[in-house]
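Quick note on the numbering used here: the sequence shown kicks off at 3 and runs consecutively. Even glycine gets a Cβ: it sits at the ideal position worked out from N, Cα and C. These numbers come from a predicted model, not from an experiment. Step one of this worksheet: look at the structure below.
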Amino acid sequence: MTVIAVFNQKGGVGKTTVTANLAAAMAQNGSAPLVIDLDPQAHLSHYWGFGASPGATIHDFFRGTAALSDLVRPLPNGINFIPSELALSKVDAQLTRHRDHLWRLQLGLTAEMLADHAPVLIDCGPMLGVLGFSALLAADLVLVPVSPETLALHGARMSARTLAGLERLVPRKPRRYLLNRYQSGNISSEHALRQLRNDYPGEVLGATLRPAELYEAAVIRHADVFSLDPDSDAAQDMALLLDELLETGLLAL
Numbered sequence: 003m004t005v006i007a008v009f010n011q012k013g014g015v016g017k018t019t020v021t022a023n024l025a026a027a028m029a030q031n032g033s034a035p036l037v038i039d040l041d042p043q044a045h046l047s048h049y050w051g052f053g054a055s056p057g058a059t060i061h062d063f064f065r066g067t068a069a070l071s072d073l074v075r076p077l078p079n080g081i082n083f084i085p086s087e088l089a090l091s092k093v094d095a096q097l098t099r100h101r102d103h104l105w106r107l108q109l110g111l112t113a114e115m116l117a118d119h120a121p122v123l124i125d126c127g128p129m130l131g132v133l134g135f136s137a138l139l140a141a142d143l144v145l146v147p148v149s150p151e152t153l154a155l156h157g158a159r160m161s162a163r164t165l166a167g168l169e170r171l172v173p174r175k176p177r178r179y180l181l182n183r184y185q186s187g188n189i190s191s192e193h194a195l196r197q198l199r200n201d202y203p204g205e206v207l208g209a210t211l212r213p214a215e216l217y218e219a220a221v222i223r224h225a226d227v228f229s230l231d232p233d234s235d236a237a238q239d240m241a242l243l244l245d246e247l248l249e250t251g252l253l254a255l
């Protein structure tokens, strides 16, 4: 199976939306993906209806007081989820960037065989540190959502430099850039797509995600686009994204 880190050092590009709905697409295909909210802002946890007091979270794993499997919450749509909380922001202050700490998540996933039978998706925050590097080291594939904006393209370049630096520790990891909020014929969208293809030849996904109000409706209802409208543009785009990852061998269900 595959561990996917959804990562970009620019916030607001759709990492949480992509993580939640790509996982839902996997569940629609009969898988039971494990999704980990590794962002101290806990946007994905709030997305799924976990409030300010979510109970046990991924913070407990990094504190060494719980195993990953003890933190899993099954969701109604077939996703297994480990929530986050603001206290996770203390991890970078409490743990050094010593190599042993950076490998903790990867070692936990391996020891508990959590990636053996279903894919794992990690929703990363925009800040680097122990958490960001832990997700990248644990990943088999790095998925980089990019919105058609100048600062988002800059964030993609920062992310590419981070991934290049990671190669001092591990061999180069596959990565794919996903253009979010793409509008065919729109000047900004077409410029962003050309720029991505120029900067990262062979690493830009053919699938794109169109803007859709259904994504916000899904957040409000703590749902995913498939459960709200399986025939919608948003659901179709997510299904095509999943199909491309499967057909190119980057993902196994």
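Where does K12 land, buried or exposed, given buried means 16+ other C-beta within 10 angstroms? Under this definition K12 is a buried residue.
Open item on the list: My assumption, with CB atoms under 8 angstroms, is that V93 sits in contact with L133. Please give the rounded CB distance.
Closed with: Indeed they touch by this definition, with Cβ atoms about 6 angstroms apart.
* **Buried versus exposed call for D72 [16 or more other C-beta atoms within 10 Å across all chains shown]** => Classification for D72: exposed.
Measuring CA to CA, which of A219, A44, A237 and P213 is closest to A89?
Of the listed residues, the one whose Cα sits closest to A89 is A44.
Just confirm the distance between the C-beta atoms of V15 and I124, as a whole number of angstroms; I'd bet it's less than 8 angstroms.
Not really, about 16 angstroms apart at Cβ, beyond 8 angstroms.
Note to self: Spatial neighbours of R199 within its chain, please: C-beta separation below 8 angstroms, excluding the five flanking residues on both sides.
What the structure shows: Same-chain partners within the cutoff: V206.
Which one or two residues does DSSP pair with V148 in a beta bridge?
DSSP, once it has assigned bridges, lists L181 as partnering V148.
C-beta atoms of I84 and L70 nearer than 8 angstroms: Their beta carbons are under 8 angstroms apart, which means I84 touches L70 by this criterion.
Open item on the list: As a quick exercise: from T67, L153, L104 and A154, pick the residue whose alpha carbon is nearest that of G2.
Closed with: Any answer about residue 2 is impossible in this case: the structure gives the chain only from 3 up to 255.
Short of 6 angstroms in beta carbon distance, which residues of its chain neighbour A241, apart from the five on each side in sequence? Order them along the chain. Closer than 6 angstroms at the Cβ level, and outside the excluded window around A241, lie A27.
Starting from I222, trace the alpha helix (DSSP H) both ways and give me its first and last residue. DSSP places I222 inside the alpha helix (DSSP H), whose first and last residues are E215 to I222.
Test item: CB-CB of P128 and S191 under 8 angstroms = No; because the gap between Cβ atoms is not below 8 angstroms, this pair is not in contact.
>> To the nearest angstrom, how far is the alpha carbon of P173 from that of L109?
In response: For P173 and L109, the distance between alpha carbons rounds to 17 angstroms.
Q. Comparing alpha-carbon positions, which option in T59, L180, A29 and N79 lies nearest G204?
A. If we check each option's Cα against that of G204, L180 comes out closest.
Check: Unbroken alpha helix (DSSP H) runs of length 4 or more, entirely within the segment 151 to 208: which are they?
Finding: Counting whole runs of 4 or more residues, the segment 151 to 208 contains the alpha helix (DSSP H) stretches 152 to 168 and 189 to 201.
- Chain-order list of residues whose beta-carbon lies under 6 angstroms from that of L211 (same chain, five-residue window excluded): Here the set comprises N182 and D239.
Inter-residue Cα distance where the pair is Y184 and L107 = Roughly 33 angstroms between the two C-alpha positions.
If you measure between the beta carbons of A214 and D235, is that distance less than 8 angstroms?
Less than 8 angstroms separates the beta-carbon of A214 from that of D235.
For G187, which residues of its own chain have a beta-carbon under 8 angstroms away from its beta-carbon, when the five flanking residues on both sides are left out? Cβ within range, chain order: n/a, list empty.
What would DSSP say about D226, mapped onto helix, strand or coil?
DSSP places D226 in coil when its eight states are reduced to three.
*asked:* Quick check for students: name the residue ranges of the alpha helix (DSSP H) that lie wholly in the segment 68 to 146, counting only runs of 4 or more.
replied: 93 to 96, 101 to 104, 106 to 113 and 132 to 140, all fully within the segment 68 to 146.
Next on the checklist: What residue range does the beta strand (DSSP E) around D62 cover?
Outcome noted: In the DSSP assignment, D62 falls outside any beta strand (DSSP E) and within the unbroken alpha helix (DSSP H) covering I60 to R65.
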